[in-house]
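**Student:** Next up is a structure, given as structure tokens.
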Amino acid sequence: MLTFLVLTVSCKKEKKEISNNEVALTTMQKNINEYVPVTLTSDLSKLTDNQRKMITILIKASDIMNGLFWYETYGDKDALLNSIDDNDTKRFVEINYGPWDRLKADKPFVKGVGEKPAGANFYPVDMTKEEFNAASFEGKSSLYTFVRRDDNGNLYAIPYHKQFEKEVTEVSQLLLEASKLADNEGLKTYLELRAQAVLNDEYQASDLAWMNMKTNVLDIVIGPIETYEDQLFGNKAAHEAYVLIKDQEWSARLAHFTSYLPELQKGLPVDDAYKQETPGTDSDLNAYDVVYYAGDANSGGKTIAINLPNDEEVQLQKGTRRVQLKNAMKAKFDKIMVPIADVLIDSSQLKHITFDAFFANTMFHEVAHGLGIKNTINGKGTVRTALQQYASALEEGKADILGLYMVQQLHLKGELTNDFKDNMVTFMAGIFRSVRFGASDAHGIANMIRFNYFKEEGAFTRNEDGTFKVNFDKMEVAMRDLSNLILTLQGNGDYEGVAKLVAEKGIVTKSLQADLDRLRLANIPVDVVFNQGVDVLGL
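Laid out in structure tokens, this is it:
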């Protein structure tokens, strides 16, 4: 467990500053206000009684993920909160799942707390990368183990299901309870297999079952999934959960797009060696209302679309499921994207900021995770293994730029009929939205790289009034060239090359920071925080 010198935060209020509207806010209150509250609801009227009961059970199981993620990212939540007197600071700790501001490159905001360890609580704080690489012990490289020291100081691994034996046993029981209420055979099978998986950290069978179910109305994503929290090696998965209700109408509109994946793979703007893998086409592209976020998914900036499973073998065999979180997406568009565009996008291009373009860009970002290459072409293993802590940021950058490439190609095929300029301008505004997530976030780093690359290639112009105008022809060229660069780095497993790219372009320049500060002065929130749960849903 991580140990820190945590000093009590004084009850004495910080010196107050008077804003333009004469409201006195402390620094911590301003931090909290960077998150705009959003209530997560959905139309439950079409659900059966059993489905409504299932949602309650699934939310209860998901809530357990919060405690597991707290341990993974920090350690002892109660000790930290009990050391703090100020309620606003406590609230901000809860939003961030720890004493580090996730929107400000994990800057500590609780007195006495040092820098966040790159390995969070997955590894001993005093362990170096060199020590880890030199050590040999069972479970060392597993996604589902903690690395600890024995009494002699030697490293060893403890599986998640052992560390969290009590908690995962309860999760398993709840998933089995929910499975007994499922009237959909695919969902029933998935819940039964997931209930077993959390007990032994063997997730492939349940991942395959998740991909096999097609007609379910309810869904849950639960377990240790993404590796963003491990900034040391990008290898340890963190616990999270989403409880989902499928939007059948929107999903029907999206279903046929995955059939184009093999054709789009062949047309990628990169040498043939980097596109030899054939993406699975048994993928789902669906829209959902999300009614509960937990754990890693609920910390700091919230995702609005997911692409799973992460298991490369499952991806090559079955493809992936692209989950568009439509209600959360719409909330971010209305409350964040549109206000950002009003400040930073040239007035002549504001007509190109549309929710349809935002939805398409986000959707095809997730689809694009299935394109490109999962295994290096030179024997360095998987891309994720070769690129270590940089793998997530580069993968997110790939998905962003190839997502826009896919939109362009589907426009050329007549599959999408809106103006492609909508997608490019909305994409540009989306960069400003995501860059604000900070340098500790894989999506934020990816957007910084793209912004600086686009700037160098003349893909946009910054006007004298501080607004930005997309240069459409140059953006299309930059889009192709950046796609080629990222796919080549991934295929080569070029760790040094990616490190150089991140160091040179994964930064917020002074000029960009000044523009982002204008968004803060305009009181535009950075992200959302949810009012959610059984009571909110009226259950």
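Quick note: the sequence shown uses this note's numbering, first residue -8, plus one each step. All residues carry an ideal CB built from backbone N, CA and C; glycine is no exception. As the structure is a computational prediction, the values presented were derived from the model and not from experiment.
#1: Check whether the segment 324 to 343 and the segment 258 to 269 touch, using three or more Cβ-Cβ pairs below 8 Å as the test.
#2: If residue 293 and residue 92 are in contact, beta carbons under 8 Å, what's the gap, nearest whole angstrom?
#3: Would you check if the segment 405 to 417 and the segment 372 to 389 touch, i.e. whether three or more CB-CB distances between them fall below 8 Å?
#4: Below 6 Å CB to CB, which residues in the same chain sit around residue 423 once its five sequence neighbours on both sides are set aside?
#5: When burial is assigned at 16 or more other CB atoms within 10 Å of the CB, is residue 140 buried or exposed?
#6: So, residue 427 versus residue 94, is the Cβ gap smaller than 9 Å?
#7: Tell me which residue opens and which closes the beta strand (DSSP E) that residue 28 is part of.
#8: According to DSSP, is residue 64 helix, strand or coil?
#9: Closer than 8 Å is the cut-off here; do at least three beta carbon pairs connect the segment 75 to 90 with the segment 43 to 52?
#10: In the DSSP assignment, find the alpha helix (DSSP H) that holds residue 330 and state where it starts and stops.
#11: Under a three-way DSSP split, which group does residue 183 fall into?
#12: Using alpha carbons as the reference points, say which of 462, 21 and 491 lies closest to residue 476.
#13: My output table needs one value for residue 12: the three-state DSSP class, helix, strand or coil.
#14: According to DSSP, simplified to helix, strand and coil, what is residue 282?
#15: What did DSSP end up calling residue 453 once you bin it into helix, strand or coil?
#16: Can you check whether the CB of residue 241 is closer than 9 Å to the CB of residue 315?
#17: Cα-Cα, which of 142, 150 and 449 is closest to residue 132?
#18: Use the C-beta contact count for residue 90: other C-beta atoms within 10 angstroms, 16 or more gives buried, fewer gives exposed.
#19: Enumerated in chain order, which unbroken segments of the beta strand (DSSP E) with a length of 3 residues or greater are wholly contained in the segment 63 to 106?
#20: With distances taken from CA atoms, which of 121, 295, 106 and 259 is nearest residue 29?
#21: Any beta carbon from chain B within less than 9 Å of residue 168's own beta carbon?
#22: Taking the alpha-carbon positions, what's the residue 307 to residue 75 distance?
#23: With the cut-off set at 9 Å, would you say residue 232 and residue 322 are in Cβ contact?
#24: Pick out whichever of 454, 470, 328 and 343 has its Cα sitting closest to the Cα of residue 400.
#25: Quick one: give me the first and last residue of the alpha helix (DSSP H) that residue 471 is part of.
#26: Can you tell me the Cα-Cα spacing of residue 85 and residue 60, whole angstroms?
#27: Could you check whether residue 417 and residue 320 sit closer than 9 Å to each other, using their CB atoms as the reference points?
#28: Assess contact between the segment 433 to 446 and the segment 345 to 356, defined as three or more Cβ pairs (one per stretch) separated by less than 8 Å. Is contact present?
#29: Is there contact here, the segment 181 to 197 with the segment 163 to 170, by at least three beta-carbon pairs under 8 Å?
#30: Could you give the distance in angstroms between the alpha-carbon of residue 104 and the alpha-carbon of residue 419?
#31: Do the segment 246 to 259 and the segment 21 to 36 meet, that is, are 3 or more Cβ pairs less than 8 Å apart?
#32: Sort 449, 278 and 143 by Cα distance to residue 209 and report the nearest one.
#33: Count the C-beta pairs between the segment 107 to 127 and the segment 219 to 239 that are closer than 8 Å, then say yes if the count reaches three, no if not.
#34: Secondary structure at residue 23, three-state DSSP: helix, strand or coil?
#35: How close, in whole Å, do the beta carbons of residue 483 and residue 392 come, if the pair is a contact with beta carbons under 8 Å?
#36: The beta strand (DSSP E) with residue 521 in it runs from where to where?
**Tutor:** Taking the coordinates as given:
#1: no
#2: At roughly 15 Å, the Cβ-Cβ gap does not stay under 8 Å, so residue 293 and residue 92 are not in contact.
#3: Too few Cβ pairs lie closer than 8 Å, so no.
#4: Correct list, in chain order: 331 and 335.
#5: exposed
#6: yes
#7: 26 to 30
#8: helix
#9: no
#10: 329 to 335
#11: Assignment of residue 183 by DSSP, reduced to helix, strand and coil, places it in the helix class.
#12: 491
#13: Its pLDDT being 42, under 50, residue 12 is placed unreliably in this model, and the value from its coordinates should be taken loosely. Note: residue 12 maps to coil in three-state DSSP.
#14: Reduced to three states, the DSSP call for residue 282 is strand.
#15: Residue 453 sits in a strand when the DSSP states are folded into three classes.
#16: Yes.
#17: 150
#18: buried
#19: none
#20: 295
#21: Judged by its chain identifiers, the structure shown contains no chain B, having just a single protein chain.
#22: Between residue 307 and residue 75, the C-alpha separation is close to 48 Å.
#23: no
#24: 470
#25: First-last of the alpha helix (DSSP H) with residue 471: 463 to 483.
#26: If I take the Cα positions, the gap works out to 12 Å.
#27: no
#28: Short answer: they don't touch.
#29: yes
#30: 36 Å
#31: no
#32: 278
#33: yes
#34: helix
#35: The pair is not a contact, with the Cβ atoms about 17 Å apart (cut-off 8 Å).
#36: 518 to 522
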